[in-house]
Structures are given as structure tokens and as C-alpha cells.
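Here is the structure we will look at.
Chains as they are written, first to last, in this note's numbering: chain S, -10 to 306; chain V, 556 to 846; chain B, 94 to 422.
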């Protein structure tokens, strides 16, 4: 296990370093001269040179990269060009909002998706399976943003039971906060639950056809106990799937926040691109990539912990 | 022991492989429905624009009009025919889905084959780079690309292709790794066949089934991806008709003209559903190992 | 009345490519305390026959006809619930694949305790003590500590011993061992076979041993049923079968043994030419005829029935007996 953890952490660090290089090079590839952008179009050459020196822009790229990483590690991502607020401060305001949505959506996804998948697998070929599989396919095929629009049309425009958009902080008014979270969370959670349903169904089905389940049957264990054997081994697959879905969840959050006008990380991202607010884009991308790598690391470690083969030997699978 | 001299039961081959696969496919009603949906979508994209009329022509007398004989699916806020815009949008959608997947396959397959065939440091290097690629959630990547290169259909296709690349590489590599050890390949290696010949003549044809299944799964993802980016204003730009762009407009007129939101969204959902059903069916028929 | 009687067993699988007649008509009996070997090439239906005794075949897409009587009770008439009470208690199974037949997520001890608690109503402490005894019985050293091991920490041979321990945990009347040594190294096989033979001696468990390996048969079996294309073609006590095989197919199997090649003084193994016919039809003919050096017109016009040739020796062939042609062994 120890060996596995060390290797897995090291590989995450490598991915992070390479990822940050990609982001760094991406920024350098942006059109326009940053010094010119800071000094204004009419600045004279001496001022431009001073700015280049001040920001290290006259250094070779490797030095600039190290400087850039050092700054980022201290949480310094620059200043938003639109409202002159430090990017780190904006991120600190926006990230918790998105984390709340994402957390609730994952909860919804697991609570609906996993049981539906299990029922569907256990009752394979029966009515319940067809219903669950059918709904899963529909859930997979309906795009978030359309579901969001339909939700607004039905619940806000027609029934007038939920607000169409807007956000109230959790600390300000928890009840109103949750009321406004209902639609975004369901929109985001539906797609996730469809994926989890399909994956847990196929994971459980494949485990149910394993030899050890036949052994359980040969021991005279009832069907319920056979399923329990298989379920224990399907869990690992479900954790992995959840890890792989994080990218989709982040993308979904961006779209959902846009529809329901929620001032989270996703809306920040879209607004930053539309306003060409480069320091913010840079911070957003870097934070997302790091968060993504770290969470995937955690998922893998959970996976290893659930799997005795890895936990006890640090094997190679 | 005694198994040495015994012949084993050979699989029974009574009909040709292709006919058998077709029969197995046709026996799955869901897969057939998927095929029909996909065919209808492709037909709409290819033929629809020829018969639907101009998606940009404005009929000022009829803004936000409900469906009628004159405007089959009604008109939008500028009096443009919704059916014409849907038909042209289908073209954009299909193009984004197919072009990005094709691009990912063309780039990813040689990389995956190389990694699986040569193994060793090349494989490790490629898989690490793949991890880096995977560390960028699709939308974040598309956002970055839109920021650097600007928002356009071409950049959407590029972003979608890059997003698909890791899975194409992973699947091709996996197939190559397995096939590399099989007798017909080791035989060819022993005969002195060049790596390039082995990769494309031996490994690739035998990986096709897995790749076809992967492509069928990737296309609907790309279709939704294009619609999402265009919906956010980071993809296809108005006035070019795209289903995503149409939904952006629809959100402002949900109360007056809900049909503006219903039709394009339904199209995306049906096209995606078609590919998903088709993909499930193809997986059952072509790639039973993945179960 | 025999302990276990299988009568006119027929097993048909429904597949996408049409029905597969895996077992066409099998009858045999197992006496108490006996080790009966079911022998044949892969695909001859021997495993399917064995698995249909406790009805461990898939629950859908399979049709089982005929009777399977354990102590006079017809198992084919039982509901799944009653079968569950019987499996692991009166009939147990040891499978071919020790690597995959144990649950990788549970400790070995837990997997033995599970069957004890299911059928013997033991509390967990007593069940654990019994599990340790069982592991000792099947020859696993340091049994108490081994209870906490996960399957992947054990070798193939050890895992198969664990499977056997699970199998005999509740002292079943019948143990079905489906190719129990095939997946193991040759050096490990003997030990596992010995465990099975010992259990028969100490506990009196009757064993149905499925194998394609006549070497295994010669080591432990009392009686042999030779299967071909879903049917039994010869049935005899083990000595009689090796000394005087009656069916040309059985002779072919014996000739394919490396030891037979040694006896003949040649290094080449005799092969049986041709292949097992596809299990899709049930023609009224001897299905071995196409591969048989003795086949006559009669063989393809009607199927030979299983008939007594000598004491306790039965064969389904029109031209039985040792070849007259001069190869004396």
C-alpha cells in the first residue's frame, strides 16, 4: 500500500507540473503584449521596458515559469482586469458556491443512480430493469442546459413554485439558499445519476457473473447474499466512475450556473472568457486542473483502500 | 498429461460473420430504434437545409409565431423560420460530432498503436501525457481555447477532438497491448514484418470493433459539447444557426414562446439518444468483452 | 437405491444462434463413499452434467429435463429455496478455477464461516473454530492465521484446498469436483487429489470427479463414465476400463496418454482424428462414427444403446473390444 501511495502521489505531481506548463504556455500564446496591455497603447519604450523588468517579462521562459509557479503556490494569481480585485479573492468567494452545488449534485446522483443501478441489475430483464435502463438512457441523452430551461419553464414560469434564477448565500438565509439550489442541483444531479445508474448496473452485472458468485450460490446462500458478495466488488468500479465524472461535473456546473445565474466558479469562468479577463481565466484553469488532479488522487487512494489486493501488497494493477 | 492429443470442440460457423452480426443487431429493438434516430438525424442534416429555406430570412410580420402551415415550427424573435434553423443547426451539430471524433481518431490511433506496440518508455511517456490531457475537464479546455483562439465552430471542433483524444489513445493502446501477444502477431514479428506494417495491417483491423463502439459513444458527447459551448456563447456565433445558440435565445422568451426552447432541445436529446442506443447495441454485438 | 441417480438427463441452452444440446441423454448412478469420474474432451457436456445436479446452471436460457434423485428425492422438482437449503449442505461443489472462485474482497475464514452459519446455525466463534479445523483437515499449515488471509495471498493449490474446505464444511453426502486440478501446476495436483481421496476415506463423502485427464482418473477414481457428445459411451470400474477398454473412443483417450506412448515404445502420442460434432443436432447414429476407425454402415443408421458387455462394464458400440491388430502392450 505504502509503495502504491508514493507512486500514485508522484505521478500526480508530474501531471500537475506538466499541466501547469501547459497553462503557462497557453497564456504566453495569448494574442497581444502583456506589457503593452498594462501600460496602455501610448506608453513610451522606457516605460514598457520598466514594466517588463518589474514583471520579469524580460527573463527567459524557464525563469518566468518558475516565478509563475512560485507566485501561484502563494495563491497569487494576479489582479482581475475588469474590477481590479485580486483573483485569489474572487476565487475564494466563488468556489464555495460551486462546491455546494457539486456536493449536493453528487449526493443526488449517488442516492438515485446507485440504487437504481443495483435494482436494475438484480432484476435484469424484468420491468424494473427496463424502466431504470430507459430512464438512464434518457437522462444520459438530455443535455443539462435544456433540462434547466424546461425546469424554469415548468416550475418558475408556469407553476411559480421556484425562482427562475438568482442566488442567496448559505450563510445569509439557509432555507432560501436551498430553495434556490433545488433546480440547479437536480439539473446537474440527473445526468450524473444516469451515468452512475448505467455504470453500477453493468459493474454489478459483470460481478454477478463472476465465478465467486457461483461459489456463493453453490454454498446455498440465497440470492440476496449472492448480490451482497458482488456488490462489495462493484463498489470499487463506482468510485472510479465517480472520479472520471468529475470533469463532466465541472463542465455541467459551468452551464448550470450560467442558466440559473448563480455567481459560482462556472459563471466566473464564462464571464471571464467573454470579458477577456485573462488573469481570472488563468487562475480558474489552474485551480480546476489542480483540484481535478488532487480529487482523482483521492479517488484512486479510496479505490486502493477498498481493494484488499492493493491495500495489502501494493500490487501492480 | 493427456490433453496433448485431444482435439477441442471448434466454434460452429454456419453463416458468414457479417450476416450473423447483422442478425444479432437486428434482434435488438433498442439498437434498431437508435439506428433509425441516427439515420433520421443524418438525413435532416444532409437534406433538410436543401428544402427548408433560408435560416436567416426575417419575417417581420411574424415574430415569435407559433407553429403554422407557413412556419412549420414557428418563428423566433427576429421572425426567422425555426424549422429552417433547426435543419441548418443539424448540419452544424453533425459536423461538430463527426469531424471532432474523426480528428481524434486520426491523431489518437497511431499514438495508441505506437504505445501498445513498442511499450517501454514510449508507452509510459504517452500515458503520462494522456494523464495531463485528462486533467483538463473538457469545458475548461474549450474555455481556454476560446480565450486564446476566439470562439468559432472550428475551435469548438478542435476542443472537442482534444477532449476525446485520451480515450481514443487509451482504447487503442489497450487493444494493441492485448493483440501484440497473440500468435498471429508474434508470427508476423518473427517473420520480420516492419512495426508500421504490424500496427496498421495486424493491430488496427483487429481493434476496429472497439474503436467503432468508442466513436459511437463519443459522437453524442461531442454533439452535446458543441451545443453547450454555443449555448454559453463560446462556440458557434450568431447568426449562424446552431441548436445551442437557438436555446440561448429561447431562454429570454420562455414565457412568450416556450416552443423556441422545446424544439432545438428535443432535437439534441433525440440525436444523442439515437447514438447512445446505437452505441449500446453495437457494443453488445461487436465488443462483448467490454461487458 | 443408489445415493445419487441421474436419469435421462437432457440439458439444452437457448442461444442467439439456436439451441445447443449440451447433454443429450445421460444416466448414471453414484454410490455412497464412491469416487466416480466423468471423463471426456472439453465440450462433451461433462461439466454441464455435473452442474445440473445441484442446478447451478444459469437460471435463464437453460432447459433441464430428466430426473436427478438424491436419496430418492427428485431435485429437478424442487423450488429454488429448497435447493438453496440443499446446496453446500448435502451437495457441494469445488470448481475448476481456484483463482477466481473465491471472493477477492473477503478473507478466507469469512468465506468458510459463511457456509457454516448458513447451514449449521453455529455462532461466529464456533464457526471460526470449525473453519480452522477444516483448513487443517485439507492440509493448510498455520490454519488459524490463514483464516485472516485474502485469497490473493494464497497460492493456487492453497486456494483449491480452501474451496474443498468450504465444500466439505457441512459434511455433504456428495461432493462435485469440476476439474479441480486442471488449473494447477502438475506438482500441486497430486496433493489436492490426495486431499479429496482422504476426505472420502475419513468423512465418507461420495465424489463426482469431472476431468479430461485420465491420469487423474487412474489415481483416485473407483468407477468411470466416459462421455462423448453429450452422452455416456462407456461405464466401468477403473481397473476394468484401463485393462480392457471397450469403446473405440475410450481406447483413443487411453492411447493419447503419454504413458501409453511410453509403453508402445514410441514418442509420438496417438491422436484421435477429427473433431467433436457440433452440439446442435441429435441424429440417430453413433456420433463418434465420423472419427472412428471401425465405423460401419450400421453405426450411422441407428444409435447403439449402452449395453452390459461384462460384469459392471457397459458400452454403447456395435464393434466393442480391444483392437485385434497386433500392437501388444
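All C-beta atoms in this analysis are idealised placements derived from N, C-alpha and C, irrespective of residue type, glycine included.
What is the rounded straight-line gap between the Cα of residue 749 of chain V and the Cα of residue 734 of chain V?
-> Mapped onto the second chain, residue 749 of chain V falls at position 194. Mapped onto the second chain, residue 734 of chain V falls at position 179. Their backbone Cα atoms lie some 16 Å apart in a straight line.
Could you give the distance in angstroms between the alpha-carbon of residue 565 of chain V and the alpha-carbon of residue 372 of chain B?
-> For the purposes of this step, residue 565 of chain V is identified with residue 10 of the second chain, where counting begins at 1. For the purposes of this step, residue 372 of chain B is identified with residue 279 of the third chain, where counting begins at 1. At residue 565 of chain V the pLDDT is 36, less than 50, meaning the model places this residue with poor confidence; the figure from the coordinates comes in the next sentence. For residue 565 of chain V and residue 372 of chain B, the distance between alpha carbons rounds to 11 Å.
With which residues is residue 300 of chain B paired in a DSSP beta bridge?
-> As a first step, residue 300 of chain B must be located in the third chain, where it is residue number 207. Paired residue(s): B:128, B:268.
Contact list for the segment 660 to 693 of chain V against chain C, Cβ threshold 8 Å = The structure shown contains no chain C; its protein chains are S, V and B.
For the segment 255 to 273 of chain B and the segment 175 to 183 of chain B, state whether three or more C-beta atom pairs, one from each stretch, are separated by less than 8 Å.
-> yes
From this set, S:233, S:241, S:271, S:247, which residue's C-alpha is nearest residue 283 of chain S's C-alpha?
-> Start at 1 with the first residue of the first chain, and residue 283 of chain S comes out as number 294. Minimum Cα distance to residue 283 of chain S is reached at S:233.
Using a Cβ cut-off of 8 Å, pull out every chain V residue sitting near residue 84 of chain S, in sequence order please.
-> Locating residue 84 of chain S in the first chain gives position 95, where the first residue counts as 1. Within chain V, no residue comes near residue 84 of chain S; the closest Cβ sits about 14 Å away, beyond 8 Å.
Sort V:811, V:782, V:795 by Cα distance to residue 802 of chain V and report the nearest one.
-> In the second chain, residue 802 of chain V corresponds to position 247, counting from 1. Comparing Cα-Cα distances from residue 802 of chain V to each of V:811, V:782, V:795, the minimum goes to V:782.
If you draw a straight line from the alpha carbon of residue 562 of chain V to that of residue 279 of chain S, how long is it in whole angstroms?
-> Position 7 of the second chain, counted from the first residue, corresponds to residue 562 of chain V. Position 290 of the first chain, counted from the first residue, corresponds to residue 279 of chain S. Confidence in residue 562 of chain V is poor, its pLDDT being 36 and thus under 50, which makes the residue's placement too unreliable to answer from.
Using a Cβ-Cβ distance under 8 Å, would residue 229 of chain B count as near chain S?
-> As a first step, residue 229 of chain B is located in the third chain; it is residue number 136 there, counting from the start. No, residue 229 of chain B lies away from the interface with chain S (no Cβ there is under 8 Å from its Cβ).
With 16 as the cutoff for other CB atoms within 10 Å, does residue 623 of chain V come out buried or exposed?
-> The residue given as residue 623 of chain V occupies position 68 in the second chain. With fewer than 16 other Cβ atoms within 10 Å, it is exposed.
CA-to-CA distance, residue 137 of chain S to residue 173 of chain S, given in whole angstroms = Within the first chain, the letter at position 184 stands for residue 173 of chain S. Within the first chain, the letter at position 148 stands for residue 137 of chain S. Roughly 7 Å between the two C-alpha positions.
Proximity of residue 780 of chain V and residue 728 of chain V at Cβ, strictly below 8 Å | In the second chain, the residue the question calls residue 780 of chain V occupies position 225. In the second chain, the residue the question calls residue 728 of chain V occupies position 173. Not closer than 8 Å, so no.
Touch test, the segment 90 to 107 of chain S against the segment 163 to 183 of chain S, Cβ-Cβ under 8 Å, three pairs minimum = yes
Taking just the CA atoms, how far does residue 660 of chain V sit from residue 766 of chain V?
-> Stepping through the second chain from its first residue, residue 766 of chain V is reached at position 211. Stepping through the second chain from its first residue, residue 660 of chain V is reached at position 105. Answer to the nearest angstrom: the Cα atoms are 8 Å apart.
Looking at the structure shown, is residue 411 of chain B part of a helix, part of a strand, or coil, going by DSSP?
-> As a first step, residue 411 of chain B must be located in the third chain, where it is residue number 318. It is coil, neither helix nor strand.
Interface partners of residue 218 of chain S on chain B, CB under 7 Å | In the first chain, residue 218 of chain S corresponds to position 229, counting from 1. Within chain B, the residues near residue 218 of chain S are 196.
Nearest chain B C-beta to residue 201 of chain S closer than 8 Å, yes or no?
-> Residue 201 of chain S sits at position 212 when you count from the first residue of the first chain. Yes, residue 201 of chain S counts as interfacial toward chain B.
Taking Cβ positions only, does residue 180 of chain B come closer than 8 Å to chain S?
-> Sequence index remark: in the third chain, residue 180 of chain B carries index 87 (1-based). Cβ-Cβ to chain S under 8 Å: yes for residue 180 of chain B.
Using 8 Å as the Cβ pair cut-off and three pairs as the minimum, do the segment 760 to 777 of chain V and the segment 213 to 224 of chain S touch?
-> no
Examine chain B for any beta-carbon lying closer than 8 Å to the beta-carbon of residue 292 of chain S, and answer yes or no.
-> As a position in the first chain, residue 292 of chain S is number 303, starting the count at 1. Chain B, which has no Cβ nearer than 8 Å to the Cβ of residue 292 of chain S, makes this no.
Which ranges does the alpha helix (DSSP H) cover as unbroken runs of at least 4 residues, wholly within the segment 50 to 112 of chain S, from first to last along the chain?
-> Counting only unbroken stretches of 4 or more residues, the alpha helix (DSSP H) elements lying wholly within the segment 50 to 112 of chain S are 50 to 62, 76 to 111, in sequence order.
Report the residues of the segment 586 to 606 of chain V with a CB closer than 9 Å to any CB of chain S, ordered along the chain.
-> Listed by position, the residues of the segment 586 to 606 of chain V near chain S (Cβ gap below 9 Å) amount to none.
In its own chain, which residues sit with a C-beta less than 7 Å from the C-beta of residue 833 of chain V, not counting the 5 before and 5 after it?
-> Locating residue 833 of chain V in the second chain gives position 278, where the first residue counts as 1. Here the set comprises 586, 589, 590, 593, 771.
Mind checking who residue 186 of chain S pairs with in its DSSP beta bridge?
-> Start at 1 with the first residue of the first chain, and residue 186 of chain S comes out as number 197. By DSSP's assignment, residue 186 of chain S forms no beta bridge with any residue.
Starting from the C-beta of residue 241 of chain B, find all residues in its chain whose C-beta is less than 7 Å away, skip the five residues before and the five after it, and write them out in chain order.
-> The residue you call residue 241 of chain B lines up with position 148 of the third chain. If we look at residue 241 of chain B and ignore the five residues flanking it on each side, its Cβ neighbours are 200, 202.
Identify the contact partners of residue 173 of chain S in chain V, using a Cβ-Cβ distance below 7 Å as the criterion.
-> Sequence index remark: in the first chain, residue 173 of chain S carries index 184 (1-based). The contacting residues do not exist; residue 173 of chain S stays about 14 Å from chain V at best.
Which residues in the same chain as residue 157 of chain S place their Cβ atom closer than 8 Å to its Cβ, once the five residues preceding and following it in sequence are excluded?
-> Translated into positions along the first chain, residue 157 of chain S becomes position 168. Same-chain partners within the cutoff: 165, 166, 169.
For residue 221 of chain S, return the contacting residues in chain B, with the cut-off set at a CB-CB distance below 7 Å.
-> In the first chain, counting from the first residue as 1, residue 221 of chain S sits at position 232. Residues of chain B with a Cβ closer than 7 Å to the Cβ of residue 221 of chain S are, in chain order, 198.
Three-state secondary structure (DSSP) of residue 613 of chain V | Taking the first residue of the second chain as 1, we reach residue 613 of chain V at position 58. Residue state, collapsed to three classes: strand.
Out of curiosity, what's the CA-to-CA distance linking residue 1 of chain S and residue 286 of chain S?
-> Your numbering for residue 1 of chain S matches position 12 in the first chain. Your numbering for residue 286 of chain S matches position 297 in the first chain. So the two alpha carbons sit approximately 7 Å from each other.
6 Å CB neighbourhood of residue 584 of chain V in its chain, flanking five on each side removed = For this step, residue 584 of chain V is matched to residue 29 along the second chain. The answer is none, since no qualifying residue turns up.
Please confirm if residue 800 of chain V has its CB atom under 8 Å from at least one CB of chain S.
-> Numbered from its first residue, the second chain carries residue 800 of chain V at position 245. Cβ-Cβ to chain S under 8 Å: no for residue 800 of chain V.
Quick one: give me the first and last residue of the alpha helix (DSSP H) that residue 7 of chain S is part of.
-> Your numbering for residue 7 of chain S matches position 18 in the first chain. Residue 7 of chain S -> alpha helix (DSSP H) spans -9 to 17.
Distance, residue 702 of chain V Cα to residue 265 of chain S Cα | Stepping through the first chain from its first residue, residue 265 of chain S is reached at position 276. Stepping through the second chain from its first residue, residue 702 of chain V is reached at position 147. Straight-line Cα distance between these residues: approximately 7 Å.
So what's residue 105 of chain B in DSSP terms, helix, strand or just coil?
-> In the third chain, residue 105 of chain B corresponds to position 12, counting from 1. Three-state DSSP puts residue 105 of chain B in a strand.
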